[in-house]
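Undergrad: Before I ask anything, let me first share the structure, which is written out below as structure tokens.
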Amino acid sequence: MGGSSTPQLDAPAVASTPPLARTASSTASGSAKDSAAAKEPPVTVPSVKGRTKKDSLALVKAVRAGMENTAWPVRTSPPLPGSILPARRIVAFYGNPLSKKMGILGELPPDQMLAQFDKIIAEWAKADPSHPVQPALHLIAVVAQGGPGRDGKYRLRMTDSLVDMVSQWAARKNALLFLDVQVGHSTVQEELPRLIPFLKRPNVMLGLDPEFSMKTRTSGDRAKPGDRIGTMDASDVNYAIGMLSDIVKQNNLPPKVLVVHRFTRNMLTNASKIKLDPRVQVVINMDGWGQPWLKYDSYRAYVEAEPVQFTGFKLFFHNDTKKGDPILTPGEVLLLNPKPLYIQYQ
49 MGGSSTPQLD APAVASTPPL ARTASSTASG SAKDSAAAKE PPVTVPSVKG
99 RTKKDSLALV KAVRAGMENT AWPVRTSPPL PGSILPARRI VAFYGNPLSK
149 KMGILGELPP DQMLAQFDKI IAEWAKADPS HPVQPALHLI AVVAQGGPGR
199 DGKYRLRMTD SLVDMVSQWA ARKNALLFLD VQVGHSTVQE ELPRLIPFLK
249 RPNVMLGLDP EFSMKTRTSG DRAKPGDRIG TMDASDVNYA IGMLSDIVKQ
299 NNLPPKVLVV HRFTRNMLTN ASKIKLDPRV QVVINMDGWG QPWLKYDSYR
349 AYVEAEPVQF TGFKLFFHND TKKGDPILTP GEVLLLNPKP LYIQYQ
């Protein structure tokens, strides 16, 4: 994965995920809607200091939307031996050790980070004993950049030595290692093959971040990562699924997990055309930040509404609490239907 020198991240372009956008309203209106709502079974919302009525309404709407969507749970063939989902819940710390601004993985020294990781894992284990927690570290292995770089691709590939360093941290906690890809002006098809040596390892999984995939929309229109929210198509996801499936078959491995981030409609186009494969377990991860009601609305609009296979939910230690809201608790997130089986902390 590149040379031995330590790369320097162009942090401002990827310092944080932009605010959630284009979420649905959490307030029902009209007597017909009110009457229908009155006939629905009540949803009990946990009492958490600092939550507003708007937060509670959005959570109830998200819970009911998932219950009413008959496409959940997604009907697939039985999980293959060695599958992580749905028997376990993955809880991951996300970021890059070269930047304190891109997530908890690089914000704290390794020992402190892993100690906090233990506390979070314990919270989830206590909240849902029926789903053992599978720890994971989620490394941004291809980082979108604000500058074009020597090849004009607006992305920086991490070195093998950096990936191996984070892999060693993961080994200390019997954790999975996810390699996250922000392609910039490159493509999924160009970036993924060079990760194959790592993906041949049984505990290494893959993540795709459409937010920083700056596909051309009109002639000559090539925005920098961070200038606007990017996009990927089902064809990109299908390429990743196909590659991972081949790796599993050729190396006699347990199924891989593929996480695809999403918090707007256009971040993932043609989601219904994603072709599932029993050797690859696909998670659509709601990874936007904001107040609780906004996160619930986005989960409902962009994850629940377009079922693929499994769901994820991202929590931000800093961005979710900017306006004084306490970070969502495991108990609150576990009210959602479908219940997220991948939880990511940035």
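Residues in the sequence shown are numbered consecutively from 49, following the working numbering. Beta carbons are placed, not taken as given, at the ideal position from N, Cα and C, and that holds for glycine.
1. Can you grab the Cα-Cα spacing for the pair residue 330 / residue 253, in whole Å?
2. Look at the alpha carbon of residue 205 and the alpha carbon of residue 92, and state the distance between them as a whole number of angstroms.
3. Say the cut is 7 Å; is the CB of residue 125 nearer than that to a heavy atom of the ligand NAP?
4. Mind the definition here: the segment 303–322 touches the segment 349–363 only if three or more C-beta pairs lie below 8 Å; say whether that holds.
5. In whole angstroms, give me the CA-to-CA distance for residue 250 and residue 360.
6. Can you have a look at residue 333 and say buried or exposed, based on whether 16 or more other CB atoms are within 10 angstroms of its CB?
7. Can residue 185 and residue 223 be called in contact, C-beta distance under 8 Å?
8. What did DSSP end up calling residue 384 once you bin it into helix, strand or coil?
9. Between residue 176 and residue 232, what straight-line distance do the alpha-carbon atoms span, to the nearest angstrom?
10. Taking the beta carbon of residue 395 as the centre, do at least 16 other beta carbons fall within 10 Å, making it buried, or is it exposed?
11. Between which residues of its own chain and residue 234 is the CB-CB distance below 7 Å, once the five residues before and five after are set aside?
12. Please state whether DSSP places residue 329 in a helix, a strand or coil.
13. Please state whether DSSP places residue 278 in a helix, a strand or coil.
14. Leaving out five residues before and five after residue 382 in sequence, what residues of the same chain have Cβ atoms less than 7 Å from its Cβ?
TA: This is what the structure holds:
1. 11 Å
2. 46 Å
3. In the structure shown, the ligand NAP is absent, as is every other ligand, since no ligand is present at all.
4. yes
5. 21 Å
6. buried
7. yes
8. coil
9. 37 Å
10. This structure does not reach residue 395, given that the chain is present from 49 up to 394, and the question cannot be answered.
11. 201 and 203
12. strand
13. coil
14. 175 and 176
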